[in-house]
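Following this note's numbering, the residues of the sequence shown are numbered contiguously, the last one being 223.
This report concerns only the one structure given below.
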Amino acid sequence: MFNPEKLLGSLLKGGLGRGGATRNLKVQAGLGLLGAALAAVDHYANKSSSRPQDMRQGTKGADYPPASGYTAASTAMATPPPPPPPPHPPAMQAEAANRQQDAVLLIRAMIAAANADGTVDQEERQRILEKFRAANLSPEEQSFLAGELLNPADIDQLAAGVHSAETARQLYAVSLLAITVDSDAERAYLQTLADRLGLSAPERDFIHKNLGVEGVEAAM
């Protein structure tokens, strides 16, 4: 089964392409702007263990009907108040769908950045796919990533999926994570991406500083 949040977490933890792995610890220690992108790592790890516990807690202390002969007045103080109603299912489903859409967008941004200098040849693609296989990804996840490597999104396609300033910052940050900025083509790509996302110079500088990235400003 293809879980975008899990896949994004795997890429953020393990690094993608040439630059992600070396800066991952700096991101987790000093950058909060990735929001859901970085939280997806712990979110997925904790989801499996927390849900059964939450379900058990939801049923603990359930109210039973009073025994025959008891009145409502005699049991009013003994009966705990009912738990608050759970969130409305459609709202929960919409929130989950939005998280998944954002995760897919950020994954596509990482892969597009890895292709930014046009040097991801067949050998490098194979190396990246081997890294994905080593991360115990599902066949569906591997298939999705292979398709994106062969046909990466362009900047306009990525920008079209951005719905907030936070998402724009997340997208730019994960693009930086995916590469080592050591070519004019990559610098030009990041400049165009930042411009298309509407990021100000202070926003870019903040992201660069907290990611520990140098050499980007030469093209800015």
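Glycine residues also receive a C-beta, built at the ideal position from the N, C-alpha and C atoms.
Everything numeric in this text was worked out from a predicted model, so none of it was measured.
Less than 8 Å separating the beta-carbons of residue i and residue j?
i, j, result
"F5", "E151", "no"
"L11", "A163", "no"
"A181", "A117", "yes"
"L214", "A171", "no"
For residue i, which three-state DSSP category applies?
i, result
"G20", "Confidence at G20 is low in this model, with a pLDDT of 47, below 50, so its placement is unreliable and the value that follows should be read with caution. Three-state DSSP puts G20 in coil, outside helix and strand."
"F209", "helix"
"S13", "helix"
"A119", "coil"
"L140", "coil"
"F147", "helix"
"S186", "coil"
"E1", "Nothing in the structure corresponds to residue 1, since the chain is present only between 4 and 223."
"P92", "helix"
"N154", "coil"
"P7", "helix"
"S178", "helix"
"V165", "coil"
"N101", "helix"
"L202", "coil"
"A75", "Low confidence applies here, because A75 scores a pLDDT of 47, under 50, leaving its location unreliable; read the following figure in that light. Three-state result, A75: helix."
For residue i, which residues of its own chain have a beta-carbon under 6 Å away from its beta-carbon, when the five flanking residues on both sides are left out?
i, result
"D120", "S186, A188, E189"
Enumerate in chain order the residues of its own chain whose CB-to-CB distance from residue i is below 7 Å, with the five nearest sequence positions on each side excluded.
i, result
"L174", "L108, L109, A112, L161, V165, L200"
"A149", "L132"
For residue i and residue j, I'd like the C-alpha separation in whole angstroms.
i, j, result
"H211", "V219", "8 Å"
"A40", "S13", "Low confidence applies here, because A40 scores a pLDDT of 43, under 50, leaving its location unreliable; read the following figure in that light. For A40 and S13, the distance between alpha carbons rounds to 11 Å."
"P87", "M95", "16 Å"
"L140", "F147", "11 Å"
"R207", "E217", "12 Å"
"D136", "Q129", "Checking the displayed sequence, the identity of residue 136 turns out to be Arg instead of Asp. Computed Cα separation, rounded: 10 Å."
"A100", "L15", "20 Å"
"P224", "S167", "The question about residue 224 has no answer, for the chain in this structure spans 4 to 223."
"I158", "V184", "17 Å"
"I179", "A191", "Per the sequence shown, the amino acid found at residue 179 is Leu instead of Ile. Roughly 12 Å between the two C-alpha positions."
"P92", "E98", "10 Å"
Between which residues of its own chain and residue i is the CB-CB distance below 8 Å, once the five residues before and five after are set aside?
i, result
"A156", "R111, A112, I114, A115"
For the putative contact between residue i and residue j, defined by C-beta atoms under 8 Å, what is the C-beta separation to the nearest angstrom?
i, j, result
"E8", "Q145", "No, E8 and Q145 are not in contact; Cβ-Cβ is about 17 Å, not under 8 Å."
When the cut-off is 8 Å and only beta carbons count, does residue i lie next to chain B?
i, result
"V219", "No chain B is present in this structure, which holds just one protein chain."
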